[in-house]
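Presented below is the structure to which this report refers.
There are 2 protein chains.
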Amino acid sequence: MALEAADLPIGDFDTRGPILRPTLHDAIVARVRDMIIEGELAPGTRLHEGNLGKMLGVSRTPLREAVKFLASEGLLELSPGKGAVVRQFTAKDVHDSLIVLGNMEGLAGQLACQNASDADIREVRNLHDRMMDMYAKRDRLPYFKLNQNIHSAILRLSKNEALISVHNILQARLKRIRYIGNEGPEKWAGAVADHEEMIEALEARDGERLSKVLIAHMDKTWERVKHAV
Amino acid sequence: MALEAADLPIGDFDTRGPILRPTLHDAIVARVRDMIIEGELAPGTRLHEGNLGKMLGVSRTPLREAVKFLASEGLLELSPGKGAVVRQFTAKDVHDSLIVLGNMEGLAGQLACQNASDADIREVRNLHDRMMDMYAKRDRLPYFKLNQNIHSAILRLSKNEALISVHNILQARLKRIRYIGNEGPEKWAGAVADHEEMIEALEARDGERLSKVLIAHMDKTWERVKHAV
DNA sequence: AAACAAAATTCTGCATACAGCATACTTGTG
DNA sequence: CACAAGTATGCTGTATGCAGAATTTTGTTT
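Residue numbers (this note's numbering), protein chains in the order written: chain D, 45 to 273; chain V, 45 to 273.
What follows is the structure, given as structure tokens:
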């Protein structure tokens with residue numbers, strides 16, 4: 045089953061601006077990235093251009109271009125003469141990344157309090173309330189998704205493209221860890237309390253407070269995830 | 045004059061770990077990146093694979109791979125069917141990036157105060173003193189280089205690879221702006237005062253203070269650069 | 001002369017072909 | 001039986017060829 049440009053997930057299209065034709069390149073990048081995140085390509089695995097290309101139904105040329113792209117994102121490492129290897133993250137790498145992510149989200153929170161419109165904030169409140177419903181029902185997966193959405197929303201509300209961009213890069217590197225770490229011993233009540241404080245601070249446009257909660261929240265993420273690294 | 049792997053700048057080699065063979069890929073990436081930073085490839089320019097390849101003495105295949113790599117770094121934009129274009133940064137893009145960079149350096153300062161060895165700090169003191177000599181002589185270029193070195197050193201002393209990595213990405217995107225902005229109406233004395241406070245805070249391992257100075261210092265960078273954007 | 005349409009050219013995107021290097025295997029020797 | 005050297009296979013890295021899209025040029029019409 046060959047990979048085609050139409051396999052691009054909808055979310056990858058930029059609906060503002062001129063409509064861009066989907067490209068095979070983007071499709072391959074997205075597919076291989078998913079394979080890494082979902083563990084189909086385990087850390088340390090050497091990518092075999094012939095096999096992987098056949099598996100995806102594309103020739104080596106666009107596949108190699110996608111590999112270079114992902115290497116630049118930090119998901120793959122290039123070994124000259126030996127091709128690409130799925131990057132291994134040490135526990136320290138993950139911890140370091142979470143510290144940086146926490147700081148970025150803190151900054152995003154501060155900026156969001158300055159730059160978000162009232163309507164923007166109402167949207168986050170909406171997400172928050174829906175998440176709380178899921179918490180009441182102890183419905184894990186939709187809770188998790190809405191949780192992610194809230195964090196992305198805060199980034200978006202910062203209206204700082206540079207911040208969003210570097211956050212995405214770092215986030216992508218850790219997505220796999222989060223993916224496996226999701227089953228860990230979460231202190232669910234504590235996380236929910238954090239989120240209550242977040243939405244309060246955001247609605248009060250209290251950037252300092254929001255920033256602090258977001259950073260503290262990320263510290264707890266490390267506690268939750270570190271056993272899995 | 046064909047581009048060869050030997051044209052790699054020394055600094056690109058990772059001297060720790062196994063010695064890696066220089067690759068044409070890295071050489072092309074570095075060369076094109078420089079061409080963008082130095083303005084040889086102006087923002088908005090469409091990269092012509094045929095011409096550029098001939099100019100560098102390489103075929104289109106490795107060139108295209110390098111282009112994808114740089115696109116992932118954010119220095120190029122890919123237009124499906126139209127190839128790659130040197131990315132244009134708006135004034136807001138630059139301002140946003142500087143805010144994020146300032147925040148990152150602030151975090152790096154805090155971490156450096158925790159994680160740097162005394163010897164590490166002495167090295168920065170050394171750089172600082174040499175920079176001050178250059179300031180006394182009003183010797184602009186070496187001052188500028190030492191200045192850059194000090195900022196990189198603080199990042200390095202944070203001992204946080206993730207932070208160093210994302211900082212480098214954002215830094216690379218702005219290098220061209222810094223390059224042209226360097227001639228601007230710098231408030232040299234003010235910058236020097238900032239640096240005096242930085243080294244004091246670092247030697248006192250006062251993370252809070254160092255962080256604040258670094259962030260304020262970056263705000264001034266925006267003032268110095270914004271006229272050129 | 002200007003505007004539009006159509007053809008020709010040029011460029012990108014992808015596939016394939018080939019050369020050189022890395023690795024695995026085999027075979028010979030101590 | 002173990003180890004080393006030589007051989008063979010297979011993979012990566014690079015160049016080239018081809019098809020289709022984009023752009024430019026040219027011709028035609030108003």
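Each residue gets a CB set at the ideal place from its N, CA and C atoms; glycine is no exception.
This one's a predicted model, so the numbers in the text were calculated from it and none came from an experiment.
- Within the same chain, Cβ atoms closer than 8 angstroms to the Cβ of leucine 85 of chain V are found at Val76, Met79, Leu91, Val130, the five residues on either side in sequence being excluded.
- Counting of Cβ neighbours within 10 angstroms places asparagine 212 of chain V among the exposed residues, the total staying below 16.
- At the C-beta level, arginine 217 of chain V and glutamate 117 of chain V come within 9 angstroms of one another.
- Contact with chain V is found for phenylalanine 113 of chain D, since one of that chain's Cβ atoms lies less than 9 angstroms from the residue's Cβ.
- Residues of the same chain with a CB within less than 7 angstroms of the CB of isoleucine 72 of chain V, apart from the 5 flanking positions on each side, are Leu47, Leu100, Val102, Pro106, Leu107, Ala110 in chain order.
- Note: alanine 128 of chain V is bridge-paired with V:Leu122 in the DSSP secondary-structure output.
- In the DSSP annotation of this structure, the continuous segment of the alpha helix (DSSP H) that includes arginine 174 of chain V starts and ends at 162-180.
- Boundaries of the alpha helix (DSSP H) around glutamate 109 of chain V: 104-117.
- Taking a cut-off of 8 angstroms for Cβ pairs, the region 236-256 of chain V and the region 156-174 of chain D do not touch, as fewer than three such pairs fall below it.
- In terms of Cα proximity to isoleucine 198 of chain D, the closest of D:Lys181, D:Arg169, D:Arg182, D:Phe188 is D:Arg169.
- Arginine 75 of chain V sits in a helix when the DSSP states are folded into three classes.
- In the DSSP assignment, proline 186 of chain V falls within the unbroken alpha helix (DSSP H) covering 184-201.
- DSSP places alanine 135 of chain V in the uninterrupted alpha helix (DSSP H) bounded by 135-159.
- In terms of beta-carbon proximity, isoleucine 81 of chain D stays away from the interface with chain V, with every pair separated by 9 angstroms or more.
- When 7 angstroms is used as the limit between beta carbons, glutamate 117 of chain D is near these residues of chain V: Ser116, in chain order.
- Collapsing the DSSP output to three states places arginine 249 of chain D in coil.
- Contact between aspartate 140 of chain D and asparagine 159 of chain V does not hold, since the beta-carbon distance rounds to 11 angstroms and is not under 8 angstroms.
- Using a 10 angstroms sphere on the CB of leucine 119 of chain V, the tally of other CB atoms reaches 16 or more, which defines it as buried.
- Closer than 8 angstroms at the C-beta level to chain V, one finds these residues of the region 84-114 of chain D: Thr105, Arg108, Glu109, Ala110, Lys112, Phe113, Leu114.
- Between leucine 246 of chain D and glutamate 149 of chain D, the C-beta spacing is not below 9 angstroms.
- DSSP places glycine 94 of chain V inside the alpha helix (DSSP H), whose first and last residues are 93-100.
- Comparing alpha-carbon positions, the option among D:Arg222, D:Arg166, D:Gly88, D:Cys157 lying closest to lysine 189 of chain D turns out to be D:Arg222.
- Restricting attention to V:Lys112, V:Glu121, V:Gly234, V:Leu201, the CA atom closest to the CA of glycine 251 of chain V is found in V:Leu201.
- Note that the C-beta distance between valine 144 of chain D and valine 210 of chain V is below 9 angstroms.
- Put simply, the CB of valine 144 of chain D is near chain V, with a gap under 9 angstroms to one of its CB atoms.
- By a beta-carbon distance limit of 8 angstroms, leucine 151 of chain D contacts leucine 207 of chain D. Their separation comes to about 6 angstroms.
- Nearest to isoleucine 194 of chain D by alpha-carbon distance, out of D:Lys181, D:Glu167, D:Leu214, is D:Glu167.
- By the criterion of a C-beta distance shorter than 7 angstroms, glutamate 93 of chain V is surrounded in its chain by Arg104, Leu107, Arg108, Gly127, once the five residues flanking it on both sides are discounted.
- Sorting V:Ala248, V:Glu267, V:Phe133, V:Lys264 by C-alpha distance to the C-alpha of glutamine 154 of chain V places V:Ala248 at the top.
- Bridge partners of arginine 90 of chain V according to DSSP: V:Val129.
- The DSSP-derived three-state label of lysine 231 of chain V is coil.
- Around the beta-carbon of lysine 136 of chain D, fewer than 16 other beta-carbon atoms lie within 10 Å, marking it exposed.
- Rounded to the nearest angstrom, the gap between the Cα atoms of leucine 254 of chain D and histidine 261 of chain D is 10 angstroms.
- Contact check for leucine 122 of chain V against threonine 67 of chain D passes: the beta carbons are separated by less than 9 angstroms.
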